[in-house]
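Just add 56 to the spot in the sequence shown (first one is 1) and you have this note's numbering. Yeah, the Cβ is synthetic: ideal placement off N, Cα and C, and Gly gets one too.
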Amino acid sequence: MADTENTAPRDVYDEILDKSLAALQACQAEHNLTSCLECEKLLDCAVRDKYVKAV
């Protein structure tokens, strides 16, 4: 039972991270970029901010 309690929150965080990463990669693909560093909206990007907070 202790293992289930310990892994449940991690699973939630992993799911949030996976969704944030997918959104980030979709944004990069949509703008034909291989990195956020190439984007003019780097410092003002909600998608990237959400990913950084998830990491």
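- The DSSP-derived three-state label of L93 is helix.
- Sequence-distant Cβ neighbours of C83 in its own chain, meaning closer than 7 Å and more than five residues away, are V103.
- Rounded to whole angstroms, the gap between the alpha carbons of Q81 and S91 is 9 Å.
- Here Y107 is buried: its Cβ has 16 or more other Cβ atoms, across all protein chains shown, within 10 Å.
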